[in-house]
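Quick note on numbering: the working numbering labels position 130 of the sequence shown as 182, and the sequence is numbered without any gaps.
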Amino acid sequence: LSIDTIKAKALEHFMSNGKIVFAGHSEKPCSIFKNPQLFPSMLPWLFPYGHGGIGQSIMNKIHSPLVQKRHLLMYHDKRFQTDPNFPLIAFNHEQISQSTSRGRLVVQRSYFSEMANRLLNINHSVLSNIS
Numbered sequence: 053l054s055i056d057t058i059k060a061k062a063l064e065h066f067m068s069n070g071k072i073v074f075a076g077h078s079e080k081p082c083s084i085f086k087n088p089q090l091f092p093s094m095l096p097w098l099f100p101y102g103h104g105g106i107g108q109s110i111m112n113k114i115h116s117p118l119v120q121k122r123h124l125l126m127y128h129d130k131r132f133q134t135d136p137n138f139p140l141i142a143f144n145h146e147q148i149s150q151s152t153s154r155g156r157l158v159v160q161r162s163y164f165s166e167m168a169n170r171l172l173n174i175n176h177s178v179l180s181n182i183s
């Protein structure tokens, strides 16, 4: 079915008082890191009954999240490949994970000792309040 056909059928269903599912929002936002329910909650049509999320404890010991995403993209029924959202979300998630875990500081040589002293004297209570 084309996107326009799907939209038309959805509108027809809605206008005939058909039942719909509403996904509410929590007061506390969920983390995108180390959250095995992230992908099943964002894409429930790809993860039936909420199983098979990326980073589950059983799979996380065997494979990294990147390997799990690759495996899902090569899944036999191609539902992860043909979904318009999953590849983009998985790629963006991987980029965000890498950029936040692999940050670096570039300093000009003349300021190196000053920056090293600042890093060595960071107030740990401030860091704990930020996180």
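Beta carbons: idealized from backbone N, C-alpha and C, even for Gly. These numbers were taken from a predicted model, which means no experiment stands behind them.
Alpha helix (DSSP H) segment containing residue i, residue limits
i           : result
residue 94  : 90-94
residue 56  : 55-67
residue 126 : No alpha helix (DSSP H) contains residue 126, which DSSP labels as neither H nor E.
residue 115 : Unbroken run through residue 115: none, as it is neither H nor E.
residue 164 : 164-172
residue 180 : 176-182
9 Å Cβ cutoff met for residue i and residue j
i           : j           : result
residue 145 : residue 84  : yes
residue 131 : residue 179 : no
residue 106 : residue 60  : no
residue 104 : residue 125 : no
Cβ separation of residue i and residue j, assumed to be a contact under 8 Å, to the nearest whole Å
i          : j          : result
residue 58 : residue 66 : Their Cβ separation, rounded to whole angstroms, is 12 Å, which puts residue 58 and residue 66 out of contact at 8 Å.
Beta carbon proximity, residue i to chain D, threshold 9 Å
i           : result
residue 148 : Going by chain labels, chain D is absent from the structure shown, which holds only one protein chain.
Okay, do the segment 120-130 and the segment 154-174 touch, 3+ Cβ pairs below 8 Å being the bar? no
Quick check: the segment 136-150 against the segment 82-94, are at least 3 beta-carbon pairs closer than 8 Å? Taking 8 Å as the limit for Cβ pairs, the verdict is that the segment 136-150 does touch the segment 82-94.
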